[in-house]
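> There's a structure below that I have some questions on.
In the numbering used here, the protein residues as written are 41 to 451.
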């Protein structure tokens, strides 16, 4: 893939560096020590534009026509929709940096810590990339849309970002790692869907971002593999139940990042994405099963049953978890399970349903809250996000229409 690099106009580049000095103080350390950890060329804060997969629009009402090279070539409705997509993407990238920084110091392994630092730098670059798209085009109207949007994005803190997953605070370094394994995987889906975008600059931005995103997924999954193996062997600092509780915390937010299960048709018709929300969400859920849950259970069972193959391990884990019965000395609580799609949801078709982590309904509010406190991280259930959820659940049960903010706009 041929990649062209470019820099933001000076005033915006300086604004990004100002944001970095406030929110990402470890960035200079990353630049200074990069080559101690990686063989790749040192990190550069630049915009990257790759090749188009197709010169023509691939899906939607304009399929077969040349892709839009400039925002002015799109009608007003399409421009507004593309601005929302770019804004949401930029917000998630910058929000991720703000979340990771809170618990980065809690890492106990220098290499894993530096990997997360690299993830933060690449997310920062992805935010830079989206702001580049805003600054390098004319988005129409009487006001400077790019300048206004950039000012808004750079003023956001955890709690005010577009997607709710990026407003949840990290309580431990386990959050950093599970977030990379689950939430960055949503990002991979969004970037892949947007790689067909009818707006050519957006489509050309996706390839380089996807290359970097693959490292982020590995930064999540590889430490989890190590941690579950160590815990199963009776040592290490992170238990299997602790990892499970963090998966239970983050997967519902990841599912909601695709937007309403009934939505996505506008983006498909405009040629901005190539899947509806529900299809993308279901594919993501299956991928989490195969590339996170199955992988972790294989690591656990390799310790407990040396010589077991991956295929045998997955089949055994699935059977034990499905039946709730022990087999070959393996109990359900020894393994990692996939939370149900309808568990702990606050948006979409399952919003404020009281279901347990396996997807079964719970009738009593008090029983449901007790259940949540046993399957979510202890530090999280004492925090603001959880108390806000319980307050809104009560309002919902009282017949009030509860809107915790716009549905996540990735969809």
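Here a beta-carbon is modelled for each residue, glycine too, at the ideal position from N, C-alpha and C. It should be emphasised that the depicted structure is a prediction, and the values quoted were computed from it without experimental measurement.
Are the CB atoms of residue 265 and residue 373 nearer to each other than 9 Å?
Cβ atoms of residue 265 and residue 373: not closer than 9 Å.
> By how many angstroms is the C-alpha of residue 316 removed from the C-alpha of residue 305?
Looking at the two C-alpha atoms, the distance is approximately 6 Å.
> Got a sec? Which residues, its chain only, sit under 7 Å from residue 205 by beta carbon, not counting five neighbours each side?
Its pLDDT being 47, under 50, residue 205 is placed unreliably by the model, and the measurement read from it follows with that caveat. Only 223, 293, 294 and 297 meet the Cβ criterion.
> In chain order, what residues of the same chain have a beta carbon less than 6 Å from the beta carbon of residue 43, not counting five sequence neighbours either side?
Once the five neighbours on either side are set aside, the close Cβ partners of residue 43 are 88, 90 and 248.
> Whole angstroms are fine: how far does the CA of residue 375 sit from the CA of residue 341?
Rounded to the nearest angstrom, the two C-alpha atoms are 9 Å apart.
> By Cβ distance, which residues of its chain are closer than 7 Å to residue 95, with the 5 residues on each side in sequence left out?
For residue 95, where only same-chain residues beyond five positions count, the Cβ hits under 7 Å are 106 and 107.
> Tell me the DSSP secondary structure of residue 57 in three-state form.
In this structure, residue 57 counts as helix in the three-state DSSP scheme.
> Residues in its own chain within less than 8 Å of residue 419 by CB, not counting five upstream and five downstream?
For residue 419, where only same-chain residues beyond five positions count, the Cβ hits under 8 Å are 211 and 212.
> With H, G and I counted as helix, E and B as strand and the rest as coil, what does DSSP make of residue 229?
Three-state DSSP puts residue 229 in a helix.
> Could you give the distance in angstroms between the alpha-carbon of residue 271 and the alpha-carbon of residue 333?
So the two alpha carbons sit approximately 16 Å from each other.
> Which class does residue 155 belong to by DSSP, given the choice of helix, strand or coil?
Residue 155: helix per DSSP, three-state reduction.
> Between the C-alpha atoms of residue 428 and residue 132, what's the straight-line distance to the nearest angstrom?
Their Cα atoms are separated by approximately 21 Å.
> Where does residue 289 land, buried or exposed, given buried means 16+ other C-beta within 10 angstroms?
Counting Cβ neighbours within 10 Å, residue 289 comes out buried, since at least 16 surround it.
> My understanding is that residue 52 touches residue 171, with C-beta atoms under 8 Å, so please give their C-beta distance in whole angstroms.
Correct: roughly 6 Å between the Cβ atoms.
> For the beta strand (DSSP E) that contains residue 88, what are its first and last residues?
Segment 87-89, the beta strand (DSSP E) holding residue 88.
> For residue 313, count neighbouring Cβ atoms within 10 angstroms of its own Cβ and tell me buried if that reaches 16, exposed if not.
Flag for residue 313 reads buried.
> Flag this pair as touching only if the stretch 106-121 and the stretch 235-254 have three or more C-beta atom pairs under 8 Å; answer yes or no.
The stretch 106-121 is in contact with the stretch 235-254.
> So, for residue 162: in the same chain, excluding its five sequence neighbours on each side, which residues have a beta-carbon less than 6 Å away from its beta-carbon?
Only 252 meet the Cβ criterion.
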